Amino acid sequence: MAAVISDTAQEWVLVGALEDIPPRGARIVRARAGTIAVFRTSDDEVYALLDRCPHKGGPLSEGIVHGCRVACPLHGMYIDLASGKAVAPDEGEVLRFPVRVEDGKVYLGLVAEG
Amino acid sequence: MKKQLVMVGNGMAGMKTIEELLAIAPDQYQITVFGAEPYGNYNRILLSPVLAGEKTIDDIMLNPLEWYAENGITLHAGKEVIEIDRHGRRVIAADGTTAHYDRLLLATGSVPFMLPVPGRDLDGVITFRDIHDVERMLDAAGKYRRAVVIGGGLLGLEAAYGLLRHGMDVTVVHLMDTLLERQLDAPAGALLKASLEARGLKFAMPAQTEAILGSERVEAVRFKDGSEIPVDLVVMAVGIRPNTALAQRAGLYCERGVVVSDTLQTFDPKIYAVGECVQHRGVCYGLVAPLFEQAKVAANQLAGLGFRYYEGSVTSTKLKVTGIDLFSAGDFQGGPGREELLLQDPAGGVYKKLVLKDDKLVGAVLYGATADGSWYFQLLREGTPVKDLRETLLFGQTNLGDAGHGGVNQVANLPDSAQICDCNGVCKGTIVSAITEKGLFTLDEVRAHTKASASCGSCTGLVEQLLAHTLGGDYSKPTVKPMCPCTDHSHDQVREAIRRQHLTSLKAVFEFLEWKNPDGCDKCRPALNYYLIATWPLEAVDDPQARFVNERNHANIQKDGTYSVVPRIWGGVTTPAELRAIAEVAEKYQVPTVKITGGQRIDLLGVKKEDLPAMWADLNDAGFVSGHAYGKSLRTVKTCVGSEWCRFGTQDSTGCGIALEKLTWGSWTPHKFKIAVSGCPRNCAEATIKDFGVVAIESGWELHVGGNGGVKVRATDVLCRVSTQEEVLEYCAAFMQLYREEARYLERTAPWIERVGLSFVKSRVVDDEVGRKALAKRFHESQRVFQKDPWAEHATAERARTFMPLKEVI
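Here the protein sequences come in this chain order: A and B.
Be aware that the first sequence starts at 11, since it is given in our numbering, and climbs by one per residue.
Be aware that the second sequence starts at 247, since it is given in our numbering, and climbs by one per residue.
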């Protein structure tokens, strides 16, 4: 399979194996759009967000992942991994990137969603 | 089909129960609410500020009408339930509306008590209970001049103050010779009276009202001694009575209130009751905090969980009159078997009385300086032994060494622009408006909405004061603080379960204690990981994903996402070769800032994550190990040069410091742990603000514990004196192990010692030789597992790979 699969407006890249990402953790991918954090939850859901907390720019990839959330390591703001939005009452939103897992391999879309 | 839950009474206690129930069992019931008032649920305790013109009705709405619809709740506002058909299990409202129930919740509140005097039915005689009463008072204030408030209790004084603010000439009539006699003793009552008189209130006391005079509208009030005062408005605020009428008609057993058990069930098990209408273990409550505690229990029982029980509440009071600071809690009158500590400063307008029994605080009255109210209340509720604090207890928590906000003790008098939270820059006005507009009741809610007290926590006392002042002491302070929202168990309970049930993994804890979130959260996972490895060092597996970023990456994250690297420099003593090696590493990795730390080491700042493993390998090659400058662990051992060089030195402080650091490095502790060793009593290593401090004396060493130089400056307590360095090491290991086993996660030694008492620490570490040796032995056992250099472990190729990006696609 090619490393880059073309889609209509999306550019998919094979970034690694699912097992390279620790459960309840994240790894980063350096891309033109910036650093992208790829998260893996305890039930092996995978999400990708720009690695910049909307609060003060903290690296979300270093936060503690619990359920479908990550707590920013700098000041503890919660970001919902699926929506990229800060959990109320906090406000803010971070860019989301599409990601999918096939045969234990993680493919990341380099064009942000929404 | 869902079961039907019907609630009668759309007030604060009832709605809090519904909110709690929705949070834990959202789909269990179809809920119907009947309320006699035509509004949503509002914050009744803020009616006084509405009357005083400091808030509006909109400010104090808690659940507007839309909220009910959004949550699928049928609300019958303005419909009073007049009958409960217990056989048919339905309620009937005055307009004929009926509703079937599987469970019924009564929250009918209380009714104001009317004095049985002639003339009480006259126009212009009102009570102070709901929005309608406030509207009538505001209307009267616009038309008339003279008001009499009968009753010198909390409600009466707040009503009087509100009317005064609207320009009325107000006289308070009180039966007793002390204002607020249920909350204050005589001296504090006198101070309050003088202060209110200075604001323009008049008092007739002691005075008994005999009759209210007038033909249609009230014209005068006559007292028992025959004197009269002319008046246009009478507010009756002599007390409240549980509203039991509906329950009594339904044949439910009532005394003063509807009698309920610890599960908040009435004598009909299908019918629950909460709030001011109930009588529990002989007590009826009229403040919000106990009602909220009842709400939590009732929701837990209604949800079928059945593990919470209501065992009664200790209450505290504040008066909601702007600019008057007053606090009381518990049994403040004193009596046989009680001791009183008293501080009186009439010129300064300060009065403090603390009542002790068996070395525990059982009551407090504060007037004029109430900053420590929440601290005293906490000591009182937790039954903390205060023997070791006696000498300074009256002067407050600041005199335990807390210089964080030492200067401020009257938030009531601060302007709205005063900054309360110095970390996040949150002002008083922001906090107060969040409390009222968003309907906040707890410290956690204020933290979530304003960020005040959410960083270093040193302003927590001030924020609690603001909560108390805004809500009138009625704010909810849980008896047992749950560890985090994932559980109802406290730190101590969780730890006990780990110990007793021999739980050795996060998964086992989550399962045994029925954690609400399968992953836990960022608050509980690091705490549990610590408790597991501290309790079962040989069995528990350290989970990196349960570690905060710094401990996971073995470096301190900085504001820009880079890291700082601090090699260990034993006892602060180094060599030219070591300094050269650090210099070379700094140049090789282009470290932008090199800084000497307060702990006598060198900080290399601005390092990229992917450079960390290689840098560590280079530092390892030069003989360095990690300085753990990032961990809840032993940080540094600071020393002065001591007898080796100093003309005043009495012992070899550097040698002792290095031995201590070799003993303790790599140990994980509840919070960071700092040590210092000074070579003589001049104490150049500042050992008396460290967690464990050693000061050399001619005859040996003086050991100090519980110091802190951070947010709350606290000088150490002297533990004991010993003669040899071997003893210093043994006492240090024992003290650290006791702290590791007993303190809560993120609790520094200073607050821990204040909580458990120095006597406890001495009894375990100094007086009990066998126990001390056992503690030290457990410390050594743990060190055999954990005293290893994390840098060396992570510098291996396999681990280093995880510090790199997964992929670069640029």
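From the three backbone atoms N, C-alpha and C, an ideal C-beta is built for every residue, glycine too.
As the structure is a prediction and not an experimental result, all values here were calculated from the model.
Any idea if residue i is buried or exposed, counting beta-carbon neighbours within 10 angstroms, 16 or more meaning buried?
{"i": "B:Thr885", "result": "buried"}
{"i": "B:Gln983", "result": "buried"}
{"i": "B:Met247", "result": "exposed"}
{"i": "B:Leu784", "result": "exposed"}
{"i": "B:Asp849", "result": "buried"}
{"i": "A:Met11", "result": "In this predicted model, A:Met11 has a pLDDT of only 42, less than 50, meaning its place in the structure is not dependable enough to derive any value."}
{"i": "B:Leu425", "result": "buried"}
{"i": "B:Ala649", "result": "Because B:Ala649 sits at a pLDDT of 40, beneath the cut-off of 50, its placement in the model cannot be relied upon, and the following sentence gives the value as read from the coordinates. With fewer than 16 Cβ atoms within 10 Å of its Cβ, B:Ala649 is classed as exposed."}
{"i": "B:Gly397", "result": "buried"}
{"i": "B:Leu825", "result": "exposed"}
{"i": "B:Val1016", "result": "exposed"}
{"i": "A:Ala19", "result": "exposed"}
{"i": "B:Lys855", "result": "buried"}
{"i": "B:Ser473", "result": "exposed"}
{"i": "B:Ser699", "result": "buried"}
{"i": "A:Asp61", "result": "buried"}
So which of the options has the shortest CA-CA distance to residue i?
{"i": "B:Leu1021", "options": "B:Val1007, B:Glu890, B:Lys566 and B:Lys1034", "result": "B:Val1007"}
{"i": "A:Arg34", "options": "A:His65, A:Ile46, A:Arg40 and A:Glu72", "result": "A:Glu72"}
{"i": "B:Val252", "options": "B:His346, B:Met258 and B:Lys301", "result": "B:His346"}
{"i": "B:Ala282", "options": "B:Val524, B:Leu421 and B:Thr354", "result": "B:Thr354"}
{"i": "B:Lys753", "options": "B:Arg771, B:Val1002 and B:Val337", "result": "B:Arg771"}
{"i": "B:Gly576", "options": "B:Gly619, B:Asn546 and B:Pro592", "result": "B:Gly619"}
{"i": "B:Pro1033", "options": "B:Leu992, B:Leu880 and B:Ile338", "result": "With the sequence shown as reference, residue 1033 of chain B is identified as Gln, and Pro is not the correct amino acid for it. It is B:Leu880."}
{"i": "B:Ile842", "options": "B:Ala979, B:Ile815, B:Trp862 and B:Leu410", "result": "B:Ile815"}
{"i": "B:Thr733", "options": "B:Phe553, B:Ser751 and B:Thr561", "result": "B:Phe553"}
{"i": "B:Gly671", "options": "B:Cys702, B:Thr688, B:Lys878 and B:Arg793", "result": "B:Cys702"}
{"i": "B:Glu462", "options": "B:Gly370, B:Leu430 and B:Gly609", "result": "B:Gly370"}
{"i": "B:Thr820", "options": "B:Gln836, B:Asn802, B:Gln804 and B:Gln846", "result": "B:Gln846"}
Determine the chain A residues that contact residue i at a beta-carbon separation under 9 Å, and present them in chain order.
{"i": "B:Leu689", "result": "None at all; the shortest Cβ gap to chain A is about 15 Å."}
{"i": "B:Glu1054", "result": "Val39, Arg40 and Ala41"}
{"i": "B:Pro310", "result": "The contacting residues do not exist; B:Pro310 stays about 17 Å from chain A at best."}
Report yes or no: is there a C-beta of chain B within less than 9 Å of the C-beta of residue i?
{"i": "A:Lys115", "result": "no"}
{"i": "A:Glu55", "result": "no"}
{"i": "A:Leu60", "result": "no"}
{"i": "A:Pro108", "result": "no"}
{"i": "A:Lys95", "result": "no"}
{"i": "A:Val111", "result": "no"}
{"i": "A:Ala81", "result": "yes"}
{"i": "A:Gly26", "result": "yes"}
Can you determine whether any heavy atom of the ligand FAD sits closer than 8 Å to the C-beta of residue i, and answer yes or no?
{"i": "B:Gly703", "result": "Among the components of this structure there are no ligands whatsoever, and the ligand FAD is therefore not found."}
Quick one: which chain A residues come within Cβ less than 8 Å of residue i?
{"i": "B:Ile681", "result": "The premise fails here: B:Ile681 is roughly 13 Å from chain A at the closest Cβ pair, so nothing lies under 8 Å."}
{"i": "B:Lys598", "result": "Neighbours of B:Lys598 on chain A: none; closest Cβ ~37 Å, over 8 Å."}
Would you verify that the beta carbon of residue i is, or is not, closer than 9 Å to some beta carbon of chain A?
{"i": "B:Gly807", "result": "yes"}
{"i": "B:Ser899", "result": "no"}
{"i": "B:Ile779", "result": "no"}
{"i": "B:Lys878", "result": "no"}
{"i": "B:Ile270", "result": "no"}
{"i": "B:Phe758", "result": "no"}
{"i": "B:Pro859", "result": "no"}
{"i": "B:Ala792", "result": "yes"}
{"i": "B:Arg798", "result": "yes"}
{"i": "B:Val795", "result": "yes"}
{"i": "B:Lys684", "result": "yes"}
What residues of chain B sit near residue i, judged by a beta carbon separation below 8 Å?
{"i": "A:Gly119", "result": "In chain order: nothing, as chain B lies at least about 11 Å away."}
{"i": "A:Gly86", "result": "Ala700 and Asp768"}
{"i": "A:Asp30", "result": "Leu1052"}
Listing by chain order, which chain B residues have their CB less than 7 Å from the CB of residue i?
{"i": "A:Gly77", "result": "Asn763 and Asp765"}
I want to verify the contact list: residues of chain B whose CB lies under 9 Å from the CB of residue i, in sequence order.
{"i": "A:Val23", "result": "Lys1053 and Val1055"}
Hey, is residue i's beta-carbon within less than 9 Å of any beta-carbon in chain E?
{"i": "B:Thr1048", "result": "The question asks about chain E, but that chain is absent: this structure's protein chains are A and B."}
Checklist entry - Of all the residues that make up the region 765 to 777 of chain B, which are near chain A by a beta-carbon distance shorter than 7 Å? => result Asp765, Gly766, Cys767, Asp768 and Arg771
Checklist entry - Which of the residues in the region 695 to 709 of chain B, read from start to end, lie with their CB under 7 Å from any CB of chain A? => result His695
Item to check | Interfacial residues, the region 34 to 50 of chain A to chain B, with Cβ spacing under 7 Å | outcome: Arg34, Gly35, Arg37, Ile38, Val39, Arg40, Ala41, Arg42 and Val48
Item to check | Contact list for the region 803 to 834 of chain B against chain A, Cβ threshold 8 Å | outcome: Ile803, Lys805, Asp806 and Gly807
Checklist entry - When you check each C-beta in the region 861 to 874 of chain B against every C-beta of chain A, which residues fall closer than 8 Å? => result none
Checklist entry - In chain order, what residues of the region 65 to 76 of chain A put their CB closer than 8 Å to some CB of chain B? => result Lys66, Gly67, Gly68, Pro69, Glu72, Gly73, Ile74, Val75 and His76
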